[in-house]
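Going letter by letter, the sequence shown gives residues 929 to 1103 in the numbering used here. C-beta: ideal position from N, C-alpha, C; glycine also.
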Amino acid sequence: MKRMFFILMLLPNTVFAQADKSEVWSAFNFFIGKWEGMGKGEPGESTVERDYQFVLDGKFLQAKNKSVYKPQEKNPKGEVHEDWGLLSYDRQRKKFVLRQFHVEGFVNQYVLDSLATDGKLLIFITEGIENIPAGWRAKETYKILSDDEFYEIFELAAPGKDFELYSENHFKRKR
């Protein structure tokens, strides 16, 4: 009898784990793979590379990003920006949570704010940012343009201010 109880207790987790890999993550399957493109914004013009993959038995979507800004008038030394992201599904809140770890020491925690019914527009808004003065907010918008192309807009808002464009990237799937 104890064995049957144990099996019945595990069944909901097993069923959710199967749904977790297919239905729950379906809006993000598009991103899996390697991407490259161009960017522009406050730090100047850049080349961008990104890699998305499911990790830890498909429970998380990992993103590794690298932006290389050439030396230019606005940014005479140029710069290399890197960040890693982990997207998880919070079953308690029934929300996707994106945590980004930036080479500069910032950690942004976003929540998926909206997802278009056709799945081609995703908007994440921060619910917290570490290592920056209180009150700052960030927004990431992803626009899927085709099967092999998407556009990303990153916006920041100072305390009490509206969001302003910081950078935008245009990605194409790398073959």
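| Query | Result |
| --- | --- |
| By Cβ distance below 6 Å, which residues in the same chain neighbour R1027 in space, the five residues on each side in sequence not counted? | L1014, Q1037 |
| Alpha carbon to alpha carbon, how far is K1023 from V1035? | 19 Å |
| Looking at the structure shown, is N1036 part of a helix, part of a strand, or coil, going by DSSP? | strand |
| So what does DSSP say about F959, is it helix, strand or coil? | helix |
| Under 8 Å, do L1050 and L1040 count as touching if we go by C-beta distance? | yes |
| Mind listing, in chain order, the continuous beta strand (DSSP E) runs of no fewer than 3 residues lying wholly within the segment 973–1002? | 988–997 |
| Return the chain-ordered list of same chain residues with a C-beta closer than 6 Å to the C-beta of F944, the five sequence neighbours on each side being excluded. | With a pLDDT of 43 at F944, under the threshold of 50, the predicted position of this residue should be treated as unreliable, though the coordinate-derived value follows. Correct list: empty, nothing qualifies. |
| In the DSSP output, what is R1019 paired with across the bridge? | Answer by DSSP bridge pairing: none, since R1019 is not bridged. |
| Could you tell me the distance, in whole angstroms, from the CA atom of I1060 to the CA atom of R1101? | 33 Å |
| Give me the residue from L1093, L1043, G961 with the minimum Cα distance to R1126. | Since the first and last residues shown for the chain are 929 and 1103, residue 1126 lies out of range. |
| Suppose the cutoff is 6 Å on Cβ atoms and the five residues either side in sequence are ignored; what does the same chain contact list for E1105 look like? | Examination of residue 1105 is not possible in this model, given that the chain is present from 929 through 1103 alone. |
| Taking 8 Å as the threshold (C-beta atoms), are G1056 and P1087 in contact? | no |
| Can you grab the Cα-Cα spacing for the pair F956 / K1089, in whole Å? | 31 Å |
| Could you check where the beta strand (DSSP E) with R1101 kicks off and where it finishes? | 1092–1101 |
| Identify, in the order they occur along the chain, each residue of the same chain with its Cβ nearer than 7 Å to the Cβ of Q981, setting aside the five sequence neighbours on each side. | I960, Q990 |
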